[in-house]
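**Q**
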Amino acid sequence: MREIYLDNNATTMIDPEVFNLMQPFLQQTYGNPNSLHRFGQATHKALNEALNKLYDGLGASELDDIIVTSCATESINWVMKGIYFDEILNKEKNEIITSSVEHPAVLASLNFLEKKLGVKVTYLPVNSEGTCNVEDLKDAISDKTALVNIMWANNETGMIFPIKECASIAHEHNALFHTDATQAVGKIRVNFKEVGVDYASFSAHKFHGPKGVGGLYIRQGLKLTSLLHGGEHMGGRRSGTLNVAGIVGMAEALRLANLMLNYENSHIRKLRDKLEDEILKIDDVSVIGNRDNRVPNTILASIKGVEGEAMLWDLNKNGIAASTGSACASEALESNPIMEAIGAAPDLAHTALRLSLSRFNTEDEIDFAAEQIKKAANRLREISSTYAYSPKEM
Amino acid sequence: MAKKNLISGSIWDEYSQKVQDLMNNPKHMGQLTLEDAQKTGTRLIVADFGAESCGDAVRLYWLVDEKNDVIVDAKFKSFGCGTAIASSDTMAGLCIGKTVDEAVKITNIDVEFAMRDEPNTPAVPPQKMHCSVMAYDVIKAAAAQYKGINPEDFENEVIVCECARVSLATIKEVIRLNDLKSVEEITQYTKAGAFCKSCVRPGGHEKREYYLVDILAETRAQMDKERLAKSEFSDNFDELTVVKQLKVVEELLDREIRPMLHMDGGDLEVIDIQKGADRMIDIYIRYLGACSGCASGSGGTLYAIENILQEQLSSSIRVIPV
């Protein structure tokens, strides 16, 4: 059976070129980069090259810090909890503002700060397209605001948020600004310096790099209390022996993703739009968010009368991997939270289907996937007790 | 937490082959119509349960032979995940050939058991047990419609754990009888909380009206209070003045006895307390409301009241209704 992977917002395959570049660092060039001997020197050199690629690829200046972490979740937790120690504890500021549709890494971290440490968290609503309004941030922010946290692109809908404007508003009020750039890096042009963020989180496995490695951008001169103590790795900001193969892989994956941005935004966008158009031919289907303001690979569709997991089962049976929402929450019975956040009708809450492409998908695959989605929708609507099914010509 | 809980995400691997086959090809999917009923000389019943907005909705069709109440055919439609489809299909199949009264006795446990490949291996992972609960509920809805009664009439207990069908009264009783101190112990004794775990504490798969952690805390608190009251009063109840005895008795009645009587629309009042010549303490009561004139007032209810007072205050107490 042919297998078609359309769940690239959950994770991606490692680009073969990235994989090849990583391999020596698992067996031949394995020295600890902090060691002085020649084994250490060899990996140290490779790390330097990898860091240069990361700085170039993310638009960081030499004076900024890009700290390698294990994943975006770690980076995000570090910012949220670090800000608490640096800006809130024993100080007058006691508020963090965020959007209501952030990744669980943000929402759960903030929930922890709220419940355990009494931090006030304001959740900005999103509009029917799934992005926040700059005016809402202007209304919510005050001199008590320590941090504004707004994602760059949403993991479910792919919608791009007005990061530059939000960062500017935060700074006008002497608040810091963090963005979760996990779904933006590798899909659209990302330059942290240019948009003026203070902190940004990202993860290699979302842009065809390895799992278990990510990063945190910290703007020049900003402090952030360390959460991992123990050594002098990463300039003493994050201890733990460095994952050299992972870092080398992440840097190369970023370089390749940036090289492929034009392809991503032309060919992949075209395939995404084609798939979206085909799905929209099915009756009672809607797609969340304007496609011009989305990362080029993502569709979040709602197929009325078809429960999300049942759709995934049918698609999987035919070799197609998709998602009903965040992969991190795949065992939860709750509906896709974005559907509620955008104010979708309650009967659509459990009908979300997320399809996320990559540069490794082909037009032939997209045609096949569209056909299978239509077949599954028809079968499940025939079973459905809530949808008046009338068979249609395929 | 344990090793098996550290890695999630492969719930489909835990579906039995029967579940997988039924998800792909349900046997009883479809609908029955008035025309079908006319042809077979039966009565059509169409019952719904659940809602699309909650993620699960099922419709059950029955053709019932009114001469003997036998369900001669059953079909279903379902908005839900694959396990909801498989559970509904199994439930519909189990109904066929049974009388309506027999069908009402089909529980979600029966549905899950029927979908097992091996008798000792669950058909679905714990978090998917709730799908079979839907099947259980829609049968109640169909039977109620057939009998012209309220579906809640089939439930005389508050069900805390729908997956294992364990009631609030059972959980409280087990905590008391076995002096249970943790939710894990409740699960060991009753299976409540062993499946989807929604009833264990807030924040699970589904919102619940009652949670085991709360029931445990409340019951333990109540037990502590009772123990305290007993130790405070029982040692010297016989020596207290009548005024103090009355106060203690009223407190105990309010806490443990009147709530039971109120549930049936009744009540009681204490008329007098007298020390009898035989060193017994006679408490004269008068029943009020639905309890006055009730046959049980001189039987089961009276014995229950007397037992509680004797157990918690003094073995010398005698309760006399006037």
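Same order as they appear, the protein sequences are chains A and B.
Here the first sequence is numbered in UniProt numbering, starting from 1 and rising by one per residue.
Here the second sequence is numbered in UniProt numbering, starting from 1 and rising by one per residue.
Note that the Cβ used here is the ideal one computed from N, Cα and C, for glycine as well.
Whole angstroms are fine: how far does the CA of B/Glu226 sit from the CA of B/Asp238?
**A** 19 Å
**Q** In the DSSP assignment, find the unbroken alpha helix (DSSP H) run with A/Trp152 in it and report its ends.
**A** Here A/Trp152 belongs to no alpha helix (DSSP H), and DSSP marks it neither H nor E.
**Q** Going along chain B, which residues have a C-beta under 7 Å from A/Thr386?
**A** Under the 7 Å cutoff, chain B gives Glu52, Ala57, Phe79.
**Q** Do B/Thr107 and B/Ser16 count as a contact pair if the criterion is CB distance below 9 Å?
**A** No, the Cβ-Cβ distance between B/Ser16 and B/Thr107 is not below 9 Å.
**Q** Using beta carbons (cut-off 9 Å, strictly below), is A/Gly212 in contact with chain B?
**A** no
**Q** Using the beta-carbon of each residue, which ones in chain B are nearer than 9 Å to A/Ala349?
**A** Glu52, Ser53, Cys54, Gly55
**Q** For A/Val101, which of helix, strand or coil comes out of DSSP?
**A** coil
**Q** Would you call the CB atoms of A/Ala60 and A/Lys193 closer than 9 Å?
**A** yes
**Q** Measuring only the C-alpha atoms, how far is B/Ser132 from B/Ser167?
**A** 17 Å
**Q** So the alpha helix (DSSP H) A/Ser239 belongs to, where does it begin and stop?
**A** That residue, A/Ser239, is in no alpha helix (DSSP H); it is neither H nor E in DSSP.
**Q** Could you tell me the alpha carbon to alpha carbon distance between A/Lys138 and A/Leu113, rounded to whole angstroms?
**A** 23 Å
**Q** Less than 9 Å between CB atoms is the rule here; does B/Asp48 satisfy it with respect to chain A?
**A** yes
**Q** Within 10 angstroms of its Cβ, does B/Val243 collect 16 or more other Cβ (buried), or is it exposed?
**A** exposed
**Q** Quick one: what's got a C-beta closer than 6 Å to A/Leu380's C-beta in the same chain, skipping five residues either side?
**A** Around A/Leu380: Val306, Ala310.
**Q** So, helix, strand or coil for B/Asp224, using DSSP?
**A** Under the three-state reduction of DSSP, B/Asp224 is assigned to helix.
**Q** For A/Pro33 and A/Ala42, I'd like the C-alpha separation in whole angstroms.
**A** 8 Å
**Q** Kindly indicate if chain A contains any beta-carbon less than 9 Å away from that of B/Phe76.
**A** Yes, B/Phe76 lies at the interface with chain A (some Cβ there is under 9 Å from its Cβ).
**Q** Counting C-beta neighbours from all protein chains within 10 Å, is the total for B/Ala164 16 or more, i.e. buried, or is it exposed?
**A** Buried is the call here.
**Q** Mind checking which residues open and close the beta strand (DSSP E) that includes B/Arg59?
**A** 56-65
**Q** Whole angstroms is fine: what's the gap from A/Tyr387's alpha carbon to A/Ser302's?
**A** 14 Å
**Q** Can you tell me where the alpha helix (DSSP H) holding A/Ala200 begins and where it ends?
**A** It is not in any alpha helix (DSSP H) - A/Ala200 instead sits in the beta strand (DSSP E) that spans 199-203.
**Q** Can you list the residues of chain B that A/Glu264 reaches, using a CB-CB cut of under 8 Å?
**A** Result: empty, since nearest Cβ-Cβ is about 28 Å, beyond 8 Å.
**Q** Could you list the residues in the segment 15-36 of chain B with a C-beta less than 8 Å from some C-beta on chain A, going in chain order?
**A** Met23, Asn24, Pro26, Met29
**Q** Let me check you understand the geometry: is the CB of A/Ser226 closer than 8 Å to at least one non-hydrogen atom of the ligand SAH?
**A** Of the ligands one can find in the structure shown there are none, so the ligand SAH has no counterpart to examine.
**Q** Around the C-beta of B/Thr33, are 16 or more other C-beta atoms found within 10 angstroms, so that it is buried, or is it exposed?
**A** exposed
**Q** Name the DSSP bridge partner or partners of B/Lys77?
**A** B/Arg59
**Q** Go to A/Gly308, then tell me how far its alpha helix (DSSP H) extends in each direction, as first and last residue.
**A** Per DSSP, the unbroken alpha helix (DSSP H) holding A/Gly308 starts and ends at 308-317.
**Q** Using DSSP with H/G/I as helix, E/B as strand and the rest coil, what is A/Ala329?
**A** Residue confidence is low: A/Ala329 scores 43 on pLDDT, short of 50, so the model does not pin down where it sits. No coordinate-derived value is stated.
**Q** From which residue to which residue does the beta strand (DSSP E) around A/Ala344 run?
**A** Unbroken run through A/Ala344: none, as it is neither H nor E.
**Q** Please list, in chain order, the chain B residues whose beta carbon lies closer than 7 Å to that of A/Pro346.
**A** Neighbours of A/Pro346 on chain B, chain order: Ser53.
**Q** With distances taken from CA atoms, which of B/Val213, B/Met134, B/Ser87 is nearest B/Ile171?
**A** B/Val213
**Q** Of the choices A/Leu117, A/Asp180, A/Leu259, whose alpha-carbon is the least far from that of A/Val106?
**A** For the residues A/Leu117, A/Asp180, A/Leu259, the minimum Cα distance to A/Val106 belongs to A/Asp180.
**Q** Excluding sequence positions up to five away, which residues of its chain have a Cβ less than 7 Å from the Cβ of A/Ala329?
**A** Summary for A/Ala329: the model assigns pLDDT 43, below 50, so the residue's position carries little reliability, and this model does not support an answer.
**Q** Cβ atoms of A/Ser385 and B/Val78: under 9 Å apart, would you say?
**A** Rather than Val, the amino acid found at residue 78 of chain B in this sequence is Ser. Cβ distance < 9 Å, so B/Ser78 and A/Ser385 count as in contact.
**Q** Considering only residues of the segment 248-325 of chain A, which uninterrupted beta strand (DSSP E) runs meet the minimum length of 3 residues and lie entirely inside it, listed in chain order?
**A** 285-287, 298-303
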